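Single-structure report; data block below.
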Amino acid sequence: MNAGAAVPKKSPTSPAPSDATETVVLGEADVARALTRIAHEILERNKGAQDVVLLGIPTRGVPLALRLADRLAHVEPGLDVESLVGELDVTMYRDDLHKHPTRAIGTTTLPASGIDGKVVVLVDDVLYSGRTIRAALDAINDLGRPRAVQLATLVDRGHRELPIRPDYVGKNLPTSASERVRVRLAEVDSADGAPVTDAVTISQSASGATTEAAR
Amino acid sequence: MSTTYLVTGVAPLGGEQVDLLLQDGVIAQVAPAGTLTAPDDVTDVVTIDAAGLVALPGLVDLHTHLREPGREDAETIASGTRAAAVGGFTAVHAMANTTPVADTAGVVEQVWRLGRDAGWVDVHPVGAVSVGLAGEQLAELGAMADSAAQVRVFSDDGKCVHDPILMRRALEYVKAFDGVVAQHAQEPRLTEGAQMNEGVVSAEIGLAGWPAVAEEAIIARDVLLAEHVGSRLHVCHLSTAGSVEIVRWAKGRGIDVTAEVTPHHLILTDELARDYDPTFKVNPPLRTAADVEAVRAGLADGTIDIVATDHAPHTREDKDCEWAAAAFGMTGLETALSVVQQTMVDTGRMSWADVARVMSSAPARIGRVDVGPQAQGRPIAEGEPANLVLVDPAATRVVDGAQQATASGNTPFRGRELPGRVVATFLRGRATVLDGATVETAAEVTA
Amino acid sequence: MKHLLSTADLAREDAITILDTAAQMAATQSREIKKLPTLRGRTVVNLFYEDSTRTRISFETAAKRLSADVINFSAKGSSVSKGESLKDTALTLAAMGADAVVCRHQASGAPHLLAHAGWLDSAVVNAGDGMHQHPTQALLDAFTMRRHLGGDRTDGRVGPDDALVRGADLAGLRVAIVGDVLHSRVARSNVHLLHTLGAHVTLVAPPTLLPVGVGTWPCDVSYHLDETLRDVAPDVVMMLRVQRERMSGSGTGGGAFFPNPLEYTRKYGLDARRLALLPPHSIVMHPGPMNRGLEISAEAADSPRAVIVEQVANGVAIRMAVLYLLLAGDDSTERAPIS
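Residue numbers (UniProt numbering), protein chains in the order written: chain P, 1 to 215; chain W, 1 to 447; chain F, 1 to 339.
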């Protein structure tokens, strides 16, 4: 239904994965294509980007939001990327804080014009249980009153635990709960001197199903 | 008819092995090991194979808090003296800070009588120097000296006789009956609200400091007073390097001063306050490692005459609280000999003969209980009273407050492994402790 | 981190994590809706044996902004001499299911005892104990210093800047702490924390108000304020409160610590003249409440360099951060990211 490699293939470019069974489901070009398509869908759905605010959810939702903003500005040259993008940390709104080691709190920054009356598009890398998005909706509630809230995700791997569905999806990725989905983005995952290319990979989780349950 | 004991192969003061026959309250015979047999005409003979054990004269503590009358919830004369027997003691001096204070003949006689009735050790009451330990008016020192308790040691311990004129009068007055003033040296104005040794640790953990000078200033004053009035002075539980120096100087001048150190000041330091465990709250406070070394050296070279326990039992509620709210003091009767062994004997600084001197003969002499039919601190020789302790220096044990005979659990050595074990204690030929356990009929036998 | 008892226990990374978390907390406090759901269902008990309305309100505000339930338990007077023992109070709090106990006590070590005596499982936050420690005060002081002076300012940037200082320590900062160090838990907490964060501390006080043993602390000591202002040129001057009773010696276990207030002010007070000696970028701090006219003059307290009011606001953010880091994680012993 959506674009993207239908058949997982071994990645020749990604660094040697620790897990031998890790397979790449989206390569660099796939990620780029998905984002471009999502950008167009956002413009189409909202009849332009005048009132749109993209709020990236840290860590990887933030560069994805920036990339989407670049694409929006590319299509609609009048747009100012700065005033289009924000960063929404949902840590303090999570319902599972007591189940995990203490999480570091990220930054929340909104565009100068705020979110009141705007169409907020939440941007995250992987949509799984939906609990992160639930937390994000609560956080938005404390920050203002948008006209509408939409959700964009690079990967939807299913297993929803809440009545939440994405408006824009890079790739639907049927998984089992014991599998692990990893998104690598050049902006955040490049270690010193070891640049990383964008990729979405899937592997068997070493510690079983629980690792990703919190996403 | 009392039991006769044949102790074989024991090493008096750690020397040559001998056999000892304890009969009718005295050491009846001393002979080379393997040469003594039980006399035929005696039926009730117990033979103790004491090979490997050291025999010391029964220990004499010049500084014990038995808490009775008044704080029987912390210790009674019966429980405290039983603990003393377990620790190898045959005599203790019971401090005067009871409720009521032991400042009259009536109170000291009561303590003396309760001690005799308990029968574990000889109990020699210490009389208060001032009425109610208030430091204002001399107590009836003469009446206490003349009482059945025959008090010779006087102390306001817990409080310092800080008024110089009162101290002078006390020092003079006790000369009439060869008494001694045992001073708790603590300048009160320098130690108001004090909680622990003043130094690096107190500065860091924010507890009000008890400066060494508050002890040393009083000792310096007192030795000069004792010299001036020609009396004898005993310095309780000195704890600082400076105090050792002052006493050394005073003895060099020929001043009649004696000094004691507690087992805990021989081994523990103020670093233990860091966890705010009030078990380690004591007066005088635990000092620094340098002070510990100085008191060990002072004990080894004779500057410090004796080791006295300052056994200070306290109820759990008085220790299970904030440091500032907790009572000062720690128990010591059952661990004293082990601590002295660990710090002084096992380190080669003292012999067992020295231990006998600092824990038995010298304290008995200072307390004037070294002569007469109830004499303590005597040599291990034929005809002497059979006050003995048999020690296994090779044994080790882990201290468990709950297993001790004292009624209180505030031992600072809880969980610590200490060397040495008291195997048996004899009070005038009667076993109060055998195989490390108290002989529970002690009281009846005496009566 | 299971408890916060002393800044001496904090590693540099721990301290920076708290400061960074506090910065995020502070950011939420400029919003219209300041309340966060983070600690919903958690119970924080403010156990105050000493009157300290400021500190209690600060902790209470912090806990409530994080949606924790707050129980104020003030034990009037001294538990030391009368009333329920600390142990029984602790057992009561444990039975009530306190997740954190914020303890203020006149006895040094009381919070340590609460944390380690086995009476309760709660996280314990020391809100000031005797003459020992007041770690959240030192953390809010460090936070305030870092906002104003931390980070790379070689480009000449001045003023508070949260983004610039994220992850930064206080390396190279010169701090003078002036006044009653002897009785001050604030000074003790600050010396350790500021040293850990790389700052250079000079304690300035009359010799009577310095503890014996101060020589082993990781700081310099001076008896002369004018000399210190001139020679050290401190970036931060922190004035400590002088308790009125220190002048008479009543209740302090000794004589008066200085001849009279006038002499103290002349030698150790921060006034307009001394303010003028400071480098232009330097800031003036005071943990409050101030004795105007004694340790600090009105000119100094009200000058633009004074960040005293901001310290109070930062106190809420720091306490939110501490409660978050102690309570938000799982119950295992590894309450990362603080060791």
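Backbone N, C-alpha and C fix where the C-beta goes; we use that ideal spot for every residue, glycine too.
Nothing here was measured: the structure is a model prediction, and the numbers come from that model.
Query                                                                                                                                : Result
Which of helix, strand or coil DSSP assigns to residue 159/P                                                                         : coil
Straight-line Cα distance separating residue 18/W from residue 239/W                                                                 : 38 Å
Of the residues 221/W, 253/W and 311/W, the one placed nearest residue 261/W, counting alpha carbons only                            : 311/W
Inter-residue spacing [alpha-carbon to alpha-carbon] between residue 123/F and residue 326/F                                         : 7 Å
Residue 341/W classed as buried or exposed, judged by whether at least 16 other C-beta atoms fall within 10 angstroms                : buried
Residue-chain proximity (residue 169/F, chain P), Cβ-Cβ < 8 Å                                                                        : no
Short Cβ contact (8 Å threshold) for residue 205/W with residue 132/F                                                                : yes
Nearest neighbour of residue 52/F, chosen from 111/F, 127/F, 17/F and 96/F [CA to CA]                                                : 127/F
Touching by the beta-carbon criterion (3+ pairs, under 8 Å), the stretch 419 to 428 of chain W and the stretch 389 to 396 of chain W : yes
Proximity winner among 265/F, 203/F, 316/F and 173/F, relative to residue 292/F (alpha-carbon distances)                             : 265/F
is_contact[residue 318/F, chain P] using C-beta, thresh 8 Å                                                                          : no
Residue-level contact to chain F via CB, residue 195/P, 8 Å cutoff                                                                   : no
One or two residues paired with residue 122/W in a DSSP bridge                                                                       : 91/W
Alpha-carbon spacing of residue 407/W relative to residue 331/W, whole angstroms                                                     : 10 Å
Cα-Cα separation, residue 69/W to residue 103/W                                                                                      : 12 Å
C-beta neighbour in chain F for residue 282/W, strict 8 Å                                                                            : no
Straight-line Cα distance separating residue 49/F from residue 78/F                                                                  : With a pLDDT of 46 at residue 78/F, under the threshold of 50, the modelled position of this residue cannot be trusted; read the value that follows with caution. The straight-line gap from Cα to Cα measures roughly 7 Å.
Environment of residue 41/W [buried if 16+ CB atoms lie within 10 Å]                                                                 : exposed
Residues of its chain near residue 318/F, where Cβ-Cβ distance is below 6 Å and the 5 sequence neighbours each way are ignored       : 22, 136, 139, 140 and 143
Every unbroken beta strand (DSSP E) inside the stretch 28 to 108 of chain W [3 residues or more]                                     : 45 to 49, 54 to 57, 59 to 64 and 89 to 94
Chain F contacts from the stretch 320 to 353 of chain W (Cβ-Cβ distance under 8 Å)                                                   : 320, 321, 322, 323, 324 and 325
Proximal residues to residue 255/W (C-beta, below 7 Å), its chain only, five neighbours per side dropped                             : 223, 226 and 227
Beta carbon of residue 92/W nearer than 8 Å to that of residue 46/W                                                                  : no
Start-to-end residues for the beta strand (DSSP E) that takes in residue 71/F                                                        : 69 to 74
Which residues DSSP lists as bridging residue 234/W, in chain order                                                                  : 182/W and 258/W
Near-chain F residues of the stretch 203 to 230 of chain W - C-beta to any C-beta below 8 Å                                          : 203, 204, 205, 206, 207, 208, 209 and 211
Residue from 172/F, 171/F and 153/F whose Cα sits closest to the Cα of residue 163/F                                                 : 153/F
Given residue 188/F as reference, the closest of 235/F, 240/F and 155/F once Cα atoms are compared                                   : 240/F
Under 9 Å from the C-beta of residue 477/W: neighbouring residues of chain F                                                         : Since the first and last residues shown for chain W are 1 and 447, residue 477/W lies out of range.
Segments assigned beta strand (DSSP E), at least 3 residues, entirely inside the stretch 193 to 240 of chain F                       : 200 to 204, 220 to 222 and 236 to 239
Inter-stretch contact (C-beta, 8 Å, three-pair minimum) for the stretch 294 to 304 of chain W and the stretch 325 to 339 of chain W  : no
Delimiting residues of the alpha helix (DSSP H) encompassing residue 324/F                                                           : 308 to 327
Residue from 219/W, 7/W, 35/W and 157/W whose Cα sits closest to the Cα of residue 98/W                                              : 157/W
Residue 200/P, buried or exposed, once every other Cβ within 10 Å from all chains shown has been counted against 16                  : buried
Pick from 194/W, 113/W, 426/W and 155/W that is closest to residue 133/W, judged by C-alpha positions                                : 155/W
For residue 57/F, the first and last residue of its enclosing alpha helix (DSSP H)                                                   : 53 to 65
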